[in-house]
Every structure is written in structure tokens, then in C-alpha cells.
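Protein chains: 2
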Amino acid sequence: MSSQPPHSTLLIPGPIEFDDAVLQSMSHYSESHVGPAFVATFGETLSLLRKLFQTTDPASQPFVLSGSGTLGWDLVAANLVEPGEDVLVLTTGYFSDGFADCFKIYGANVTQVTAPVGSRPQLPDIEKALLEKKYKMITVTHVDTSTGVLSELKNLSELVHRVSPDTLIVVDGVCSVACEEIAFDEWKLDGVVTASQKAIGCPAGLSISMFSGRAMQAFQSRKSPSRSYFASMKNWTPIMQNYEAKKPSYFATPSPQLVHALHTALTQILTKPLAERFAKHKKASDRIKGAVADLGLKQVAANPDDQAHGMTAIYLPDEVKAAELLPNLSKKGVIFAGGIHKAIAQKYIRFGHMGVSVTQPERGDIDKAIKALQDGLTECGYQKA
Amino acid sequence: MSSQPPHSTLLIPGPIEFDDAVLQSMSHYSESHVGPAFVATFGETLSLLRKLFQTTDPASQPFVLSGSGTLGWDLVAANLVEPGEDVLVLTTGYFSDGFADCFKIYGANVTQVTAPVGSRPQLPDIEKALLEKKYKMITVTHVDTSTGVLSELKNLSELVHRVSPDTLIVVDGVCSVACEEIAFDEWKLDGVVTASQKAIGCPAGLSISMFSGRAMQAFQSRKSPSRSYFASMKNWTPIMQNYEAKKPSYFATPSPQLVHALHTALTQILTKPLAERFAKHKKASDRIKGAVADLGLKQVAANPDDQAHGMTAIYLPDEVKAAELLPNLSKKGVIFAGGIHKAIAQKYIRFGHMGVSVTQPERGDIDKAIKALQDGLTECGYQKA
Chain D
1 MSSQPPHSTL
11 LIPGPIEFDD
21 AVLQSMSHYS
31 ESHVGPAFVA
41 TFGETLSLLR
51 KLFQTTDPAS
61 QPFVLSGSGT
71 LGWDLVAANL
81 VEPGEDVLVL
91 TTGYFSDGFA
101 DCFKIYGANV
111 TQVTAPVGSR
121 PQLPDIEKAL
131 LEKKYKMITV
141 THVDTSTGVL
151 SELKNLSELV
161 HRVSPDTLIV
171 VDGVCSVACE
181 EIAFDEWKLD
191 GVVTASQKAI
201 GCPAGLSISM
211 FSGRAMQAFQ
221 SRKSPSRSYF
231 ASMKNWTPIM
241 QNYEAKKPSY
251 FATPSPQLVH
261 ALHTALTQIL
271 TKPLAERFAK
281 HKKASDRIKG
291 AVADLGLKQV
301 AANPDDQAHG
311 MTAIYLPDEV
321 KAAELLPNLS
331 KKGVIFAGGI
341 HKAIAQKYIR
351 FGHMGVSVTQ
361 PERGDIDKAI
371 KALQDGLTEC
381 GYQKA
Chain V
1001 MSSQPPHSTL
1011 LIPGPIEFDD
1021 AVLQSMSHYS
1031 ESHVGPAFVA
1041 TFGETLSLLR
1051 KLFQTTDPAS
1061 QPFVLSGSGT
1071 LGWDLVAANL
1081 VEPGEDVLVL
1091 TTGYFSDGFA
1101 DCFKIYGANV
1111 TQVTAPVGSR
1121 PQLPDIEKAL
1131 LEKKYKMITV
1141 THVDTSTGVL
1151 SELKNLSELV
1161 HRVSPDTLIV
1171 VDGVCSVACE
1181 EIAFDEWKLD
1191 GVVTASQKAI
1201 GCPAGLSISM
1211 FSGRAMQAFQ
1221 SRKSPSRSYF
1231 ASMKNWTPIM
1241 QNYEAKKPSY
1251 FATPSPQLVH
1261 ALHTALTQIL
1271 TKPLAERFAK
1281 HKKASDRIKG
1291 AVADLGLKQV
1301 AANPDDQAHG
1311 MTAIYLPDEV
1321 KAAELLPNLS
1331 KKGVIFAGGI
1341 HKAIAQKYIR
1351 FGHMGVSVTQ
1361 PERGDIDKAI
1371 KALQDGLTEC
1381 GYQKA
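If you read the protein sequences in the order shown, they are chains D and V. Position 4 of the first sequence, counted from 1, bears residue number 4 in the numbering used here, the numbering being contiguous throughout. Quick note, the numbering used here runs 1000 ahead of the 1-based positions in the second sequence.
Structure representation (C-alpha cells):
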């Protein structure tokens, strides 16, 4: 029996529904941010992140900062790239465009490899771009929350290491970490940035990231200082290292309550093999995508290999308006998200299926959402052709 | 009867002890950051901040961002000052030095008016500095958390408006907002940045600020773009204005739980006249400072007019080490903070007295802390001369 009051089930691509124990950790009594109890909790949290990202390389460096997922872009752009350096941004939608804008603010020269809405840049095009210029960094949005397009990391990393081995590989994993497989060491990634409120299942308010020894080296050998103060790796790296070594340290006050909640969420995730977690998300996703197809509807992500497993972006039939369907679903106790990709914003909706809604089927969230979608579409005038 | 488990009383200069209802708001069930319920809560929170800062000028602009108090420095330095412009930083300790470092990262030319440890720059010295150069901005740390030195805002603002009327006046109010008087409109301030976890009494994780119409104008008329992406006023201003108008809007995901807690904290604060709240903090402070004097100890802030009312920085007797006294106090159930000002770090401790520990005397926090300090000093070998 949940300790949460009855409420509509939140099935947007983040924030997601939270486990009771995680929410209770948010109410933790006040602690000193440099006291031994909290230092131990924060230190353990950083170590747990190494397991979540599947990295055992001691040179890998986790960061947990107060902020939203977007702050991770600043962390990358202000620290790992210097003004005038070239960055290749693989573009799959709204969030890749945002990452590109962030790089420009910090003075990088940005080249984007684009793809039509609902698809992702293909490896031959990426190879061509990499051969044209020496890039300091390539970035990829693992799951673009605006389209539900999934990018492949393993093959991409192999390509980059083959044709441009000095190029740092940085992943925007905001909508993928903890629901899509990420083997940080094995795939030789240099950075993954994410947020607390998606598949990790901790309320919003934390920017979470992991960087490789090679990325940290790139930061150490900068010729110019970090371009951010709050998001400066110079300011934060010793703090993160001290916390993980269980030593008190201060740059700016972390949020003990959010860190406690993250600790609880990570502990829950890591009680079971990660492979099992990813498989559960794939199974739920397959079921949802099957139901969408049964309804005669198309996904924004057109190719089955490019479809995310923690969310589904669904094109609406012409006769159904999102402005009518979403409130209808809300009355049925299910909250979906509207479109956000500028080119198609009014034409689709987004269904998030991450975390406890997937791993605790006894909650019935997915069943309820599929039923609501079927009924809601009918009530809004849709009849399958 | 508190719903919190028994725990040591946190009396450091932030985070502070939190009210039960505020902590319970941290466990709010998950909501969409763009859904009508949360949009209303966030919008009301922004309007409540206008009351807390005592501003009725509709041109004033509040911001609530995920981040720590330090992020407020970036918000000021990356948006309101352009590279090469001159900033005058009034320096009272560790936190003024940090603000100066932040400006340098964003390309400002920083001049500091310094003062000996435990005092603050005096008006004639500030006037002299203002007459030497045309400054875009002057900053003052209202209460420097490292020393407990209180700066005067009203007289300072009068001086600046008299001798350098175009200079923006920005206040670091991290350790002063909600325990020291700040009359934003009446004192003609242009910016006050603060954090959630001090006298406002909401867990850490939010950067909270208020800017004048004049400051927003300075941002609008920048020749170069904002130097930060996550802390960009261009990105956030429309979002804050939309939330306050109860319209959904998105740049980066806010933390619904923290915003609920802030809403609860502000609602509690504003049920009573602010003057009463400030008077209560002054009365508790006077009592604590009296007890410190009775013990024969000196404060870091030497001049009674320069002493903060939400914290007290206390020089230890030569024979007592902080490393011995602080654990002794902790065993008595009272957490004080060590020193942080580099020049004197080992020689003093800090006692925070803000929020519920002051406004709810029935908690007995202050009584307990004074008794613990008296007993702890004796047990650590101190005898009043």
C-alpha cells in the first residue's frame, strides 16, 4: 500500500512516478552538508553511480550537482571544450539543438549532422563528417526526449575510435540512463550527462554525470580557465573526490535531501542486475509500441531499431487534437506529455514508461495508460481505419 | 509533536532545521512540471517572493532555479556584466572573495574594497572607490557567512545613488534574506541573490533571486549574449514570467518537490509581519551574543553594529581547539560549524540561529545550544578569566 495520496499517474518522459521510499528520503531531517553522516551518504552515492554507469576504471569521475539535467550541458561545454574548438553534434531533435546552442554560448564551433524528424544521423554520414575536420568532441543524444529516437552508442564509439581516436565522445543520457544499456568502460565513452528525475527515479533537482580519465585529462590540460563558475570542474572535482573518500569538503552547498533520495533510488536499482532492468524496460516498451500499432497509429521514431525503450512518441490521427486528448486522459488519471519538437509539436503526444511504472507491474500503471489511450482516442472521435 | 525522528539540532549557518510541513512538502507525489497544479504552485511561489523581498514594482523579476546559492553569482556575473566592464566588490570574507572570483571567470574587471577580518569596508572608502572609476555594478555580501559580519544596505545604496547613480547595486543575501531586513524597492536595490536552505527554511537545492527593472534593462541592452547557458536570463526570464502568469513553459525541468517546499516555507513566513520576524531574529541574536560575552569570548565581527542577526562567529579561547569542541557539542546533540575564513579558520566556530530555531522557541534549540556551549567549553578545559 503506497504512502502517497491518490493522484494521477505521471507517464510523461520525466519526471516519472517515484517509489515511496525515495519520496520519504526527500523528507530527511536536516543534516550538515559537511557532517560525517551526510558525507558518507554522498560518498556512497557517487560510488553507486560508478556501478550504474558500469565503470570500474578508477580514473572515471562522477559528479552530482544541484541543478537540472541541462546543467550537464554547461558542465561539458564550459570545461571540456575551449573557445574556437570544433564540436560535432549529432542531431535528433529539440534536445540535440539545445546542446548545440549551449556549446555556442561557450565559444565552440559547432557542426551538426542532422537527420529528418523521427530518425537519427547514420554512421556513414557521421564518418564523412569526422573525416572532414578534427573534432575535439562528438556528442550524441542517446534518447532525444522530444522524439523518442534512440541513438546507437556502441557502434558510434567504435566508428569514432577508428576514424578520429582523439575525439571525445559525450552522451546526453538524460532520457536513457537507467533504462537503456550504457557500458561506460566497454564502449569507451568519455562523458555521460543525465538528470535525477527520469529512469533513475529520484525527484528533479540533480545534474548527474560521469566522465572518463581521458575527459578529465582534457580538462586538466586546458589552456584557458573553465568558462563557468558554478559548473566549473576545477571547483567541483576535488569536492567530489573528497566526498567519495568520505572527507568533508566545500565549494557550494549540496542538497542533502535530494542526495538521500538519489542514494535510495540507486540502492534500489542496484539490488538487481542491470541487464534485468534494461530487459524489463524493453519488454514494457515492446508491449506499448504493439498497442500503438494495434490502434493503427505511427510513432515519431519511424525505424524500430531507433525507438527508445523508456518513452514512446505517438503521432495522433488527423481528427484528434492533443489539446483535446491530453485533458481526456488526465480525467482518466493518466498524464501524458504533449509534443515539444518544433516541426511537429501539435501532431503527437509522448508516453513515458520508465522506473517503477515498469519495474513494479503490480502498480498497473502501463495497463491503465494503454486502456486510457484506447478509450480516450475513441472518445475524441478516432476510429481505426 | 514533530514528525521528524530524534536527531542532533543543526545550528550551523545553513542548512538550518526545517519545519515538519516544509519537509513533508519535499515528499510531494510526482507532478508534471508543466501541469496546471504545479504551474499554479510555482507561480504563487514567485509572487510570494515579491512579498518576502518587499517589492511591489511590477518590473521586479524573481527567479527560482535548481542549483545552490552559488548559482546566483553566475546569474549576476554572466548576465548583468559584460566582459571588460568594471565591478566593485565590497569584501568581508570568504564569500565576497568567491563572488569576485566568479566575476573574473565571466570576464569582468574586479576591484575589491577590503577590510580587516571581522569588519567591513567603510562608506568613505567606498565613496572614494566609486569616484575613481565608473562601475557597472557594486556588490555587497549582506551577511558574510564566513565571519558573521553584517553590511549596511540602506546607507550604502544612498551613497551609490548619490555619487554613481548608474551603478547597479547587487546584494549577496544568502545568509540574510528572511532574517535581516531587506526593503528591495525602498532601498533601490537592483539584485538580491539567495538560497533556500538558510533563513527561508527550505532544503538546499534552489537558487532564489530578485532583480529590479533597471537590472533587467541592463540585461536586455547587453551587446554580447549571456555568458552562461543554464544560468542565462534570456533562457529563464520568459519561463519565470509564464509560470507567474500561470502558463506552462519550459526551458529546463524545475524540481516540483523543492518548489512545493519553498511554497510552504514562504507561506509560513508571510503569515506574520516581516518586521516581527526580523525582530525575533534580533532578539535571539542579542541573547546569544550576550551569552558569548558572558563566557568572556569575542566575536569575529568586532563592532556590534556589524554583527549579523542570524549567525554568530565566535573566537575560541586559546586553550580550546575546534576539533575537540565541535565533536563535544555534537555529543550533546548540537551541531555548530567550524571556521571557513582562511586567515582564521582554526580559531573560531560558527553558530547559526535562523528560522524555526528562532521563531519556535518552544523547540528549545537556542537554550540547548547555549547550555551545550557553556558546558562544552568547560569540558574542553576553558575557564573564564
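All C-beta atoms, glycine included, are put in the ideal place defined by N, C-alpha and C.
- Collapsing the DSSP output to three states places D/D19 in coil.
- Taking a Cβ-Cβ cut-off of 7 Å, the neighbours of V/T1070 in chain D comprise F230, A252, given in sequence order.
- Interface criterion not met: the Cβ of D/S96 is under 9 Å from no Cβ in chain V.
- Contact check for D/S151 and D/T111: beta-carbon distance about 17 Å, past the 8 Å limit, so the pair fails to qualify.
- Inter-residue distance for V/V1117 and D/I12 is about 52 Å (C-alpha atoms, whole angstroms).
- In the three-state DSSP reduction, V/Y1135 falls in the coil class, being neither helix nor strand.
- Close CB contacts of V/L1270 within its chain, under the 8 Å cut and outside five residues either way in sequence, are with L1048, K1051, L1052 (chain order).
- Relative to D/T378, the option among D/P361, D/F18, D/L297 whose CA is nearest is D/L297.
- As for any beta strand (DSSP E) of minimum length 3 sitting wholly inside the segment 18–74 of chain D, the runs are 61–66, ordered along the chain.
- Under the DSSP assignment, V/V1292 falls in the alpha helix (DSSP H) whose first and last residues are 1274–1294.
- Where D/V117 is concerned, there is no enclosing beta strand (DSSP E), because DSSP gives it neither an H nor an E.
- At a cut-off of 9 Å between C-beta atoms, D/F42 does not count as an interface residue with respect to chain V.
- Counting only runs of at least 3 residues, the segment 321–366 of chain D fully encloses the following beta strand (DSSP E) elements, listed from N- to C-terminal order: 348–352.
- At a cut-off of 9 Å between beta-carbon atoms, V/E1031 makes contact with chain D.
- Closer than 9 Å to the CB of V/M1026 there is at least one CB belonging to chain D.
- DSSP places V/D1144 in the strand class (E or B) of the three-state scheme.
- Contact with chain V is absent for D/Y348, since none of that chain's Cβ atoms lies less than 9 Å from the residue's Cβ.
- When the beta-carbon positions are compared, D/N109 and D/R222 stay at least 9 Å from each other.
- For the C-beta of V/S1285, not a single chain D residue is nearer than 7 Å; the gap to the nearest is close to 20 Å.
- For V/L1326, same chain residues with a beta-carbon under 7 Å away, outside a window of 5 residues either side, are F1336, G1338, I1349 in chain order.
- Not a single CB atom of chain V sits nearer than 9 Å to the CB of D/I314.
- With respect to the 9 Å criterion, V/V1192 and V/F1184 are classified as neighbours on the basis of their beta carbons.
- Judged by their CB atoms, V/L1168 and D/S32 are not nearer to each other than the 9 Å cut-off.
- Close CB contacts of D/T45 within its chain, under the 7 Å cut and outside five residues either way in sequence, are with V64, V259, L262, H263, L266 (chain order).
- Taking V/L1090 as reference, the option from V/G1072, V/V1076, V/T1114, V/Q1004 with the minimal CA-CA separation is V/T1114.
- Linking D/K280 to D/Q360 through their CA atoms gives a straight-line distance of about 10 Å.
- Per DSSP, the continuous beta strand (DSSP E) segment holding V/L1090 begins and ends at 1086–1090.
- When the five nearest sequence neighbours on each side are left out, the beta carbons in the same chain lying within less than 6 Å of the beta carbon of V/E1085 are those of A1108, K1136, in order along the chain.
- D/P58 is not a Cβ neighbour of D/M210, given a cutoff of 9 Å.
- Looking only at D/G43, D/I16, D/D19, the smallest Cα-Cα distance to D/Y243 is reached by D/G43.
- Spatial neighbours of V/C1380 in its own chain (CB-CB distance under 7 Å, excluding positions within 5 residues in sequence) are listed in chain order as V1320, E1324, L1325, N1328.
- In the displayed model, D/Y106 falls within coil according to three-state DSSP, outside both helix and strand.
- Taking 8 Å as the Cβ-Cβ cut-off, the segment 1235–1263 of chain V approaches chain D at Y1250, F1251, A1252, T1253, P1254, S1255, P1256, Q1257, L1258, given in chain order.
- Between V/S1249 and D/I288, the alpha-carbon positions lie close to 28 Å from each other.
- By the C-beta density criterion, V/L1123 is exposed, having fewer than 16 other C-beta atoms within 10 angstroms.
- When 9 Å is used as the limit between beta carbons, D/E17 is near these residues of chain V: Y1029, S1030, in chain order.
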